[in-house]
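Chemist: This structure is in structure tokens; I'll ask about it shortly.
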């Protein structure tokens, strides 16, 4: 039985939109255009990919913590707002 976690699925789907570019100095730049500000630089493609995933994870967690509107990616919406019922003492 496989368990799917929404946060993991969101990360995996967002990574599919990653774009990489080899820079003039031989290093790489990676970014995810759907996720504004998610960018990473590395000495090689593997390092850039690893750093981009880490940056994305931090970006998502911070966005959730600060209640930022995150992009809906492949139907995964992390922007569900939870309404708390008022607690009345007895």
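Residue numbers (our numbering): 3 to 92.
Ideal Cβ positions, reconstructed from N, Cα and C, are used throughout, including at glycine.
Source: prediction; values computed, not measured.
1. Report yes if the C-beta distance between residue 74 and residue 61 is below 9 Å; otherwise report no.
2. Does residue 52 have its Cβ less than 9 Å from a Cβ in chain C?
3. Between which residues of its own chain and residue 90 is the CB-CB distance below 6 Å, once the five residues before and five after are set aside?
4. Let me check understanding here. Comparing Cα to Cα, which of 54, 64, 76 lies closest to residue 45?
5. Classify residue 44 as helix, strand or coil using the three-state DSSP reduction.
6. Using only the alpha-carbon positions, how far apart do residue 17 and residue 59 sit?
7. For the alpha helix (DSSP H) that contains residue 12, what are its first and last residues?
8. Just tell me which of 87, 48, 63 has its CA closest to the CA of residue 37.
Modeler: Result, derived from the coordinates:
1. no
2. The structure shown has no chain C; it contains just one protein chain.
3. none
4. 54
5. strand
6. 10 Å
7. 8 to 17
8. 63
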